[in-house]
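Engineer: Each residue of the sequence shown is one higher than the one before, starting from 76 at the first, in my numbering. We put the CB at the ideal spot given by N, CA and C, even for glycine. Quick caveat: nothing in here was measured; it's all calculated off a predicted structure.
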Amino acid sequence: MFFFAKIFWIVSQPVTICFLLMALSVLLMLFSFRRLAIAAGLVSLALVFVSFYTTSGALIVQELEDRFPRPAAPADAACVIVLGGGIPTLVDGARGGYDLDDGGDRYIETVRLAGLYPNAKIIMSGGDGSLEGVAMTEADVIRRMFNDFHIDPNRVEYDAESRDTYENATNVRAILQRLNLTHCLLVTSGFHMPRAVAIFRNLGMDVTPWVADYRTTGKEGLKVTVAYPLINAGLLSTGVREWIGIVAYYFAGRVATLYPQ
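1) For the 8 Å Cβ check, are there 3 or more pairs between the region 159-177 and the region 315-330?
2) Please list the segments of the beta strand (DSSP E) lying wholly inside the region 238-274, counting only runs of 3 or more residues, in order along the chain.
3) Could you name the residues of the same chain whose beta carbon sits closer than 6 Å to that of ILE226, not counting the 5 residues immediately before and after it, in chain order?
4) Per DSSP, what kind of secondary structure is VAL330 in: helix, strand or coil?
5) Can you tell me the Cα-Cα spacing of VAL231 and ALA98, whole angstroms?
6) Which residues does DSSP list as the beta-bridge partners of TYR233?
7) What residue from LEU117, ILE135, ALA121, PHE94 has the CA that sits closest to GLY296's CA?
8) Can you tell me whether ALA115 is buried or exposed, with buried defined as 16 or more other CB within 10 angstroms of its CB?
9) Answer yes if the region 124-143 comes into contact with the region 261-277, meaning at least three C-beta pairs across the two stretches below 8 Å, and no otherwise.
10) Would you kindly work out how many angstroms separate the C-alpha atoms of VAL157 and ALA150, rounded to a whole number?
11) In angstroms with no decimal places, state the Cα-to-Cα distance between SER131 and ASN255.
12) Let me know if ASN307 comes out buried or exposed under the rule of 16 or more other beta-carbons within 10 Å of its beta-carbon.
13) In terms of alpha-carbon separation, which member of LEU95, ALA133, PHE106 lies closest to TYR303?
14) Who are THR283's beta bridge partners in DSSP?
15) Less than 6 Å between the CB of THR300 and some heavy atom of the ligand MN, yes or no?
16) Where does ASP177 fall in DSSP's three states?
17) Within its chain, find whatever has a CB closer than 7 Å to the CB of GLY178; leave out the 5 residues flanking it on each side and keep chain order.
18) With a CB to CB cut of under 8 Å and the five nearest residues on each side skipped, what residues in its chain are close to ARG109?
19) Helix, strand or coil for THR313? Go by DSSP, reduced to three states.
20) Going by beta-carbon coordinates alone, are ILE197 and VAL155 separated by less than 7 Å?
21) For the beta strand (DSSP E) holding LEU99, just list the boundary residues, first then last.
This is how it looks when you write it as structure tokens:
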């Protein structure tokens, strides 16, 4: 399912659909299907406008982010689970550092939580989620980062095999059972939290959602904006991908509900 999901997303993301519609329009025009060509071109232009020049993506992501507001910090936590993402492993492997993308907030927050709860176990779950295959996993990068931030290696369990959120949850469950751990904080991005919580709960793990990466202000409204077209398109792609993932997992029986509370 991992490879199917990756390929499906490459084809179904808004920017790819725009390109395919434009290509279809050209082909239809070449074969004298003028009306169909114009229709495909207009749909493509409309999708470009919505993707790049409106806040529609921000609204979709904001709805996902607001599903689980961060609660008050508990008095204690047995463990902190951080899910992979936000690590350009190809760059890190080549450069030897730990450069972080947008989702890298997860690891900064985990370092903070490690200091706040000095007795808590840290579970980092992240392997190689690419189709190309890389020599270095997300867990390899974060192991180096946590060591440099002087987190006791004996506190940390690493899962370097997971390629997607379902594998994250499955492998983390095995670690929790082995260590007899409960009452864990789950750290991931806000847009990713609903799907992650749904999977963890479906596998019998009761976790406290702890959002560490927001992409919106929480006060977004639908409007036309030309200032940040690439950010707008990126947010729409992120939101659409999450909803596709939630729906696909629901019909595959991997989550019990489309939108957990």
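Structural biologist: So, from the listed chains and residues:
1) no
2) 259-264
3) Residue mapping note: residue 226 aligns to position 151 of the sequence shown, counting from 1. Correct list, in chain order: ALA189.
4) Working through the sequence shown from its first residue, we reach residue 330 at position 255. Of the three classes helix, strand and coil, the one that applies to VAL330 here is coil, per DSSP.
5) In the sequence shown, counting from the first residue as 1, residue 231 sits at position 156. In the sequence shown, counting from the first residue as 1, residue 98 sits at position 23. Cα to Cα, VAL231 sits roughly 50 Å from ALA98.
6) As a first step, residue 233 must be located in the sequence shown, where it is residue number 158. For TYR233, which the question treats as bridged, DSSP gives the partners MET199.
7) If you number the sequence shown from 1, residue 296 lands on position 221. Checking every option, the nearest Cα to that of GLY296 belongs to ILE135.
8) By 1-based counting over the sequence shown, the position of residue 115 is 40. Buried, by the Cβ-count rule.
9) yes
10) Residue mapping note: residue 157 aligns to position 82 of the sequence shown, counting from 1. Residue mapping note: residue 150 aligns to position 75 of the sequence shown, counting from 1. C-alpha separation (whole angstroms): 19 Å.
11) Walking along the sequence shown from the start, residue 131 turns up at place 56. Walking along the sequence shown from the start, residue 255 turns up at place 180. Straight-line Cα distance between these residues: approximately 43 Å.
12) For the purposes of this step, residue 307 is identified with residue 232 of the sequence shown, where counting begins at 1. That one is buried.
13) What you label residue 303 is simply residue 228 of the sequence shown in a count that begins at 1. Ranking the options by Cα distance to TYR303, first place goes to ALA133.
14) Here residue 283 is taken as the residue at index 208 of the sequence shown, counted from 1. According to DSSP, THR283 bridges with LEU260.
15) The ligand MN is not among the ligands present in this structure, which contains no ligands whatsoever.
16) The residue you call residue 177 lines up with position 102 of the sequence shown. Three-state DSSP puts ASP177 in a helix.
17) The count along the sequence shown starts at 1 and reaches residue 178 at position 103. Taken in chain order, the residues that qualify are GLY160, GLY161, SER264, ASP288.
18) Here residue 109 is taken as the residue at index 34 of the sequence shown, counted from 1. Result list for ARG109: LEU103, in chain order.
19) Position 238 of the sequence shown, counted from the start, is the residue given in the question as residue 313. Here THR313 sits in helix by DSSP.
20) What you label residue 197 is simply residue 122 of the sequence shown in a count that begins at 1. What you label residue 155 is simply residue 80 of the sequence shown in a count that begins at 1. Closer than 7 Å, so yes.
21) Reading the sequence shown from its first residue, position 24 is the one you call residue 99. No beta strand (DSSP E) holds LEU99; the alpha helix (DSSP H) holding it covers 89-105.
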